[in-house]
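Note that full-length UniProt numbering has the sequence shown beginning at 1, numbered continuously upward. Working notes, structure below.
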Amino acid sequence: MYFRIGRRMQLFGVCDTAIPIQKNYLYDEHQTIGCDSKKSHGPNSVISMLHHYLKEWSCDVPNLVLHADNCCGQNKNKSVVAYFSWRMLRNCHQSLQYKFMTVGHTRSLVDGCFGLVKMKYRRQDNYTTQHLVDAVNTSAVCNEPVTFPSWTWYEWDSFLSRYFRPIPNMTKVSSIKFHSDGTCTTNLGKFTLLKSVPVGMPNVLTPGGLSNERQSYLKEKVAPLMPLEYRDSISSS
Numbered sequence: 001m002y003f004r005i006g007r008r009m010q011l012f013g014v015c016d017t018a019i020p021i022q023k024n025y026l027y028d029e030h031q032t033i034g035c036d037s038k039k040s041h042g043p044n045s046v047i048s049m050l051h052h053y054l055k056e057w058s059c060d061v062p063n064l065v066l067h068a069d070n071c072c073g074q075n076k077n078k079s080v081v082a083y084f085s086w087r088m089l090r091n092c093h094q095s096l097q098y099k100f101m102t103v104g105h106t107r108s109l110v111d112g113c114f115g116l117v118k119m120k121y122r123r124q125d126n127y128t129t130q131h132l133v134d135a136v137n138t139s140a141v142c143n144e145p146v147t148f149p150s151w152t153w154y155e156w157d158s159f160l161s162r163y164f165r166p167i168p169n170m171t172k173v174s175s176i177k178f179h180s181d182g183t184c185t186t187n188l189g190k191f192t193l194l195k196s197v198p199v200g201m202p203n204v205l206t207p208g209g210l211s212n213e214r215q216s217y218l219k220e221k222v223a224p225l226m227p228l229e230y231r232d233s234i235s236s237s
């Protein structure tokens with residue numbers, strides 16, 4: 001099994017430090033935006049899950065402060081920034097601040113909650129999505145699972161790029177305060193993000209599913225190594 005690529009699950013977490021409770025988004029490789037788990041952590045994926053979280057659990061928070069890594073290498077900062085400006089234009093919050101952790105930081109509270117999940121996950125057999133859901137549920141009182149299709153994938157990236165412009169020198173930005181007029185204030189100065197007033201919502205995206213090649217691989221290479229009762233589910237899409 002060491003040399004086989006088993007069924008892949010993705011994990012994305014948002015932690016409310018005031019409680020603290022972390023919502024852990026779990027989605028299988030056939031449920032990602034791209035086929036065979038592709039585009040699982042791109043801007044459309046991240047913003048769709050963040051949008052669901054804020055809608056379900058933070059819609060009544062007037063003054064919102066978010067902390068995150070400045071992941072410039074994953075090329076999603078400009079879309080996430082535009083999304084927060086979009087929320088302010090829709091009067092979802094009275095104020096919204098987005099702060100990046102110091103470069104070279106070790107761990108955050110989200111990482112700590114992930115660590116508790118890993119401790120549980122590594123000490124049990126995991127053959128199905130439900131096994132991972134159980135691992136999250138029983139890892140610690142701070143961890144709660146959220147499974148697909150509780151949320152919807154949206155084409156945020158192209159939608160937001162039509163209405164908002166990126167902040168220059170984004171790698172040097174450490175904090176952003178968004179305003180309801182489409183502007184923002186950063187540690188580098190004030191910028192106008194809004195190009196034109198957004199209309200409607202982005203298009204809904206359908207999960208990419210599993211390719212025939214991936215299904216065949218799971219059935220032929222991975223399933224024979226699993227307990228009999230789980231073999232049929234390993235290659236299903």
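For glycine and all other residues, C-beta sits at the position ideal for the given N, C-alpha and C.
Spatially closest choice to residue 83 from 148, 184 and 213, by CA coordinates:
Residue numbering aside, residue 83 sits at position 83 when the sequence shown is read from its first letter. Among 148, 184 and 213, the Cα nearest to that of residue 83 is on 184.
Exposure label - residue 23; buried when at least 16 CB within 10 Å:
The count along the sequence shown starts at 1 and reaches residue 23 at position 23. Answer is buried; the Cβ neighbour count reaches 16.
Counted within 10 angstroms of its Cβ, other Cβ atoms place residue 130 as buried (16 or more) or exposed
In the sequence shown, counting from the first residue as 1, residue 130 sits at position 130. By the Cβ-count criterion, residue 130 is exposed, with fewer than 16 other Cβ atoms from all chains shown falling within 10 Å of its own Cβ.
Starting from the C-beta of residue 17, find all residues in its chain whose C-beta is less than 7 Å away, skip the five residues before and the five after it, and write them out in chain order.
Walking along the sequence shown from the start, residue 17 turns up at place 17. Here the set comprises 109.
Residue 220 and residue 44 closer than 8 Å at C-beta
The residue you call residue 220 lines up with position 220 of the sequence shown. The residue you call residue 44 lines up with position 44 of the sequence shown. No. Outside cutoff.
Using a threshold of 8 Å, state whether the C-beta atoms of residue 21 and residue 207 are closer than that.
Position 21 of the sequence shown, counting from 1, holds the residue named residue 21. Position 207 of the sequence shown, counting from 1, holds the residue named residue 207. No. Outside cutoff.
Grouping DSSP H, G and I as helix and E and B as strand, with all else coil, what is residue 155?
Here residue 155 corresponds to residue number 155 of the sequence shown, with the count starting at 1. Per DSSP, reduced to three states, the secondary structure at residue 155 is coil, with no helix or strand assignment.
Taking the straight line between their C-alpha atoms, what separation do you get for residue 143 and residue 122?
Counting from 1 along the sequence shown, the entry for residue 143 is found at position 143. Counting from 1 along the sequence shown, the entry for residue 122 is found at position 122. In a straight line, the C-alpha of residue 143 is about 16 Å away from that of residue 122.
Alpha carbons only, please: which of 200, 10 and 177 is nearest the one belonging to residue 97?
By one-based count along the sequence shown, residue 97 stands at place 97. The shortest C-alpha separation from residue 97 is found at 177.
Which residue or residues does DSSP assign as beta-bridge partners of residue 226?
If you number the sequence shown from 1, residue 226 lands on position 226. Note: residue 226 sits in no beta bridge, so no partner.
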